[in-house]
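Residue numbers (this note's numbering), protein chains in the order written: chain D, 1 to 211; chain H, 212 to 422. Backbone N, C-alpha and C define an ideal beta-carbon position, used for all residues, glycine too.
Number of protein chains: 2
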Amino acid sequence: MARDSQKTKQKILASVGRLLARQSFGSLGINAVAREAGIDKVLIYRYFGGMPELLRAFAEQGDFWPSSEDLLDPADEAPTSLAEAGAALLTGHLRELRKRPITQEIMRWELIERNELTDELARYREQQGIEILKRLDLETAPTEKTDLPAAAALIHAGITYLILRAKTADVYLGVDLTTDEGWLRLAKAVQKLSTLMLENAPLSTQESTDD
Amino acid sequence: MARDSQKTKQKILASVGRLLARQSFGSLGINAVAREAGIDKVLIYRYFGGMPELLRAFAEQGDFWPSSEDLLDPADEAPTSLAEAGAALLTGHLRELRKRPITQEIMRWELIERNELTDELARYREQQGIEILKRLDLETAPTEKTDLPAAAALIHAGITYLILRAKTADVYLGVDLTTDEGWLRLAKAVQKLSTLMLENAPLSTQESTDD
DNA sequence: TAGCCGTGTCACTTGCTGGTGACAGGAGGA
DNA sequence: TCCTCCTGTCACCAGCAAGTGACACGGCTA
Numbered sequence: 001m002a003r004d005s006q007k008t009k010q011k012i013l014a015s016v017g018r019l020l021a022r023q024s025f026g027s028l029g030i031n032a033v034a035r036e037a038g039i040d041k042v043l044i045y046r047y048f049g050g051m052p053e054l055l056r057a058f059a060e061q062g063d064f065w066p067s068s069e070d071l072l073d074p075a076d077e078a079p080t081s082l083a084e085a086g087a088a089l090l091t092g093h094l095r096e097l098r099k100r101p102i103t104q105e106i107m108r109w110e111l112i113e114r115n116e117l118t119d120e121l122a123r124y125r126e127q128q129g130i131e132i133l134k135r136l137d138l139e140t141a142p143t144e145k146t147d148l149p150a151a152a153a154l155i156h157a158g159i160t161y162l163i164l165r166a167k168t169a170d171v172y173l174g175v176d177l178t179t180d181e182g183w184l185r186l187a188k189a190v191q192k193l194s195t196l197m198l199e200n201a202p203l204s205t206q207e208s209t210d211d
Numbered sequence: 212m213a214r215d216s217q218k219t220k221q222k223i224l225a226s227v228g229r230l231l232a233r234q235s236f237g238s239l240g241i242n243a244v245a246r247e248a249g250i251d252k253v254l255i256y257r258y259f260g261g262m263p264e265l266l267r268a269f270a271e272q273g274d275f276w277p278s279s280e281d282l283l284d285p286a287d288e289a290p291t292s293l294a295e296a297g298a299a300l301l302t303g304h305l306r307e308l309r310k311r312p313i314t315q316e317i318m319r320w321e322l323i324e325r326n327e328l329t330d331e332l333a334r335y336r337e338q339q340g341i342e343i344l345k346r347l348d349l350e351t352a353p354t355e356k357t358d359l360p361a362a363a364a365l366i367h368a369g370i371t372y373l374i375l376r377a378k379t380a381d382v383y384l385g386v387d388l389t390t391d392e393g394w395l396r397l398a399k400a401v402q403k404l405s406t407l408m409l410e411n412a413p414l415s416t417q418e419s420t421d422d
C-alpha cells in the first residue's frame, strides 16, 4: 500500500511497543507483530532480519532508561546534602520507572531470559548506576560500619520489584500498590531509609578520615 | 509398565518440579511434562484434568513457602529487641528464599501472569507476612515520622528482587550476586537498614505515647 | 519503450503445541 | 471361564508458530 519502507519500519517498531505495553514478552512473536502492524511478516525478515534483530532495533530507538537528569530534575530544588541527593535519586527511580510500562516489561523479561540483548541492556544500566554512585562518592569500599552500595542496591531493587509486582498484585505487605496513596507511602519510606542510612554513614567526602 | 497410578502421579509431579528448577514457567507444558516424566500425556489429563489442575496439585504438595519458624530458627539466639527481631526475619527471608529455586520460579511466574492460582499463592503469602508484622507490633497505622510496614515492604521486596535477578545477572549496583561474599554484604546491609529503621522508630509497644 | 529494483502479497512447508478417541493387556471378581 | 475396570500406548486432529520461495505491481532510468 504505502510503498515506503521507512514508514513500514516505523510501523513495525511501533507495533512492538504497543504489544509490549499491552502484553508480556512471552506473547511477542513475528506473527503477532506483523498482525499488529497490519503488514506481512516477510517484511520483518526483510527489514530487520529476524526477531532478535528487531528487538535490538526496538531497544535502540526508544528512550526506555531514565537519564540521571530525569531522576533529579522535577520541581524540587537541588539537593544540598548527600542524604538529600541519595533520597532524591531513589525516589526519582521510583517515579520514572512507574511511568514507563515498556521499561518495566523489559525488566520482567530480563528476569526470565538471559541473552545477548538482555545482558547488554543490563550492562548499560549497571554502568549508569555505578556512575551515579561515584558521583555521590558512595562507591567507597564497604566499611566496617555501613556498606552503602549494598544498602542502595537493596532499596533500588525494592522499588523495582514493587513496581514490577504492581502489574499482577494489588497489595504487598499491607501496602496498596493500586493507589497513589500507597506509592506515596513507599516514596516516603524510601526517603526515610535513604536519609537514615546516609546520615549515619561514615562520610567519605573530601576530608575523609580513614579510621 | 509400572501399572501404578499413584507412582505415576508422583512421577508427573516430580517432573514439574524438575522442569521448573531447570527452566522457567514459560516452557512448562503438557508435552514437556509428559516427556520429562517418560509417560504419555493422556495420563496427565486423566489423573489431573489439565495444566491448571496439575499446577494446583503441584503447589499443594510442596513446601515452597518458608514458615515463620524457618525464618527465625537458625543457630542465632532468640532476638531480644524489636530491631533484632525485624532484622532476623528479613535476613531469614533472604536465606530461605535463596535456598528455594522453585519458589523463586513461582515468584517469577507471578510477575508475568495473573490467574486464580497465582492470586491464591500471593494471598497466602500476604496473609503470612501481615501476621508477622502484627506479631512484631509494626502494623500500626503509618505515623508522621516512619511508616514501618512500607519500609519493611521495601526491604523485603529488595531482597526478593535481588534473588530473582541473580538467575540472569551477575552484578547489581556493583554488588556481586554470584558469590557468598556479595550476599553477605547484602545480608549485613539488610541488618543495618532494619536496625536503623526500627531503633529510630516511634515504638508502639505497650506504653506507646501518642505524640 | 524496455528492463530493473524496491516494496508488498500470497501460498506453502515444517514443526511444535494442546487435546481426544480407540485400543491393548493385565488383575481381580462373579 | 468370562467380564469388567484400571492402566498405559498409539494414532490422530486442529491450531499456531517460524521461516521461505515465487510472484505482482509501480516507479525510475537507460
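Selection of the stretch 88-110 of chain D by Cβ proximity to chain H, strictly under 8 Å: Of all residues in the stretch 88-110 of chain D, only R108, E110 come within less than 8 Å of chain H when Cβ atoms are compared, listed by chain position.
Specify the secondary structure class of D281(H) as computed by DSSP and reduced to three states. Helix at D281(H).
Unbroken alpha helix (DSSP H) run spanning D40(D), endpoints: That residue, D40(D), is in no alpha helix (DSSP H); it is neither H nor E in DSSP.
Counting only the same chain and skipping the five closest in sequence on each side, list residues whose C-beta sits under 7 Å from that of L136(D). Excluding residues within five positions, the ones whose Cβ falls inside 7 Å are L82, A85, G86.
Applying the 10 Å Cβ sphere with the 16-neighbour rule, what's the burial state of K134(D)? Result: exposed.
When the distance is taken between beta carbons, is I374(H) closer than 7 Å to L308(H)? Yes, the Cβ-Cβ distance between L308(H) and I374(H) is below 7 Å.
So, are the CB atoms of A189(D) and L265(H) less than 7 Å apart? No.
Taking the alpha carbon of E331(H) as the reference point, which residue from I250(H), L404(H), Q234(H), W276(H) has its own alpha carbon closest? When only C-alpha atoms are compared, the closest one is W276(H).
In whole angstroms, what is the alpha-carbon distance linking L254(H) and A59(D)? Those two C-alpha atoms are separated by around 44 Å.
Does the ligand PLP have even one heavy atom less than 6 Å from the beta-carbon of A34(D)? The ligand PLP is not part of the structure shown, which contains no ligands of any sort.
Members of the stretch 356-369 of chain H that neighbour chain D once the beta carbon cut-off is set at 7 Å: Residues passing the 7 Å Cβ filter: T357, D358, P360, A361, A362, A363, A364, L365, I366, H367, A368, G369.
Where does D180(D) fall in DSSP's three states? Three-state DSSP puts D180(D) in a helix.
Report all residues from its chain with a CB closer than 8 Å to the CB of A169(D); omit the five preceding and five following residues, and keep chain order. Cβ within range, chain order: L177.
Who are V386(H)'s beta bridge partners in DSSP? According to DSSP, V386(H) bridges with Y383(H).
Distance between beta carbons of M408(H) and A368(H), contact taken as under 8 Å: Contact check for A368(H) and M408(H): beta-carbon distance about 14 Å, past the 8 Å limit, so the pair fails to qualify.
Between I132(D) and chain H, is any beta-carbon pair separated by less than 7 Å? No, because no Cβ of chain H sits closer than 7 Å to the Cβ of I132(D).
Mind listing the chain D neighbours of A333(H)? Cutoff is C-beta to C-beta under 7 Å, in chain order. Within 7 Å Cβ-Cβ: A169.
Using the beta-carbon count (16 or more within 10 Å), is E207(D) buried or exposed? With a pLDDT of 38 at E207(D), under the threshold of 50, the modelled position of that residue is not reliable, and no figure is offered here.
Under the three-state DSSP convention, the category R100(D) falls into: Reduced to three states, the DSSP call for R100(D) is coil.
Put L4(D) into one of helix, strand or coil per three-state DSSP. Strictly speaking, residue 4(D) in this sequence is Asp, with Leu absent from that position. It is coil, neither helix nor strand.
Please return the same chain residues whose Cβ sits closer than 8 Å to the Cβ of E321(H), not counting the five positions on each side in sequence. When the five nearest sequence neighbours on each side are left out, the beta carbons in the same chain lying within less than 8 Å of the beta carbon of E321(H) are those of T329, L332, A333, in order along the chain.
Nearest neighbour of Q402(H), chosen from A268(H), T302(H), E280(H) [CA to CA]: Restricting attention to A268(H), T302(H), E280(H), the CA atom closest to the CA of Q402(H) is found in T302(H).
Short of 7 Å Cβ to Cβ, which residues in the stretch 182-198 of chain D face chain H? Residues R185, L186, K188, A189, V190, K192, L193, L196, M197.
Cutoff 7 Å: Y258(H) Cβ touching any chain D Cβ: No, its Cβ sits nowhere closer than 7 Å to a Cβ of chain D.
Is the shortest distance between the beta-carbon of T389(H) and the beta-carbons of chain D less than 7 Å? Not an interface residue.
Cutoff 7 Å; reference Q61(D); Cβ partners in own chain excluding five residues on either side: So the list reads L13, once near-sequence residues are dropped.
Exposed or buried, A352(H), counting other C-beta atoms within 10 Å across all chains shown (16 or more means buried)? Note that A352(H) scores 45 on pLDDT, short of 50, meaning its location in the model is unreliable; the coordinates nonetheless yield the value given after this. Exposed, by the Cβ-count rule.
Using a Cβ-Cβ cut-off of less than 8 Å, list which residues of the stretch 22-54 of chain D approach chain H; keep chain order. Along the stretch 22-54 of chain D, going in chain order, the ones with a CB nearer than 8 Å to a CB of chain H are S24, G26.
Terminal residues of the alpha helix (DSSP H) in which G340(H) lies: Start and end: 327-346.
So what's S235(H) in DSSP terms, helix, strand or just coil? The three-state secondary structure of S235(H), taken from DSSP, is coil.
Selection from A21(D), Q6(D), R3(D), T8(D) that minimises the alpha carbon distance to K167(D): Among A21(D), Q6(D), R3(D), T8(D), the Cα nearest to that of K167(D) is on A21(D).
Between E247(H) and S226(H), is the Cβ-Cβ spacing less than 7 Å? Going by beta carbons, E247(H) and S226(H) fall inside the 7 Å limit.
Chain-ordered neighbours of G340(H) on chain D, where CB pairs are closer than 9 Å: Around G340(H), the beta-carbon contacts reaching into chain D at under 9 Å are Y172, L173, G174.
Rounded to whole angstroms, what is the Cα-Cα separation between K218(H) and Y258(H)? Distance between the alpha carbons of K218(H) and Y258(H): 11 Å.
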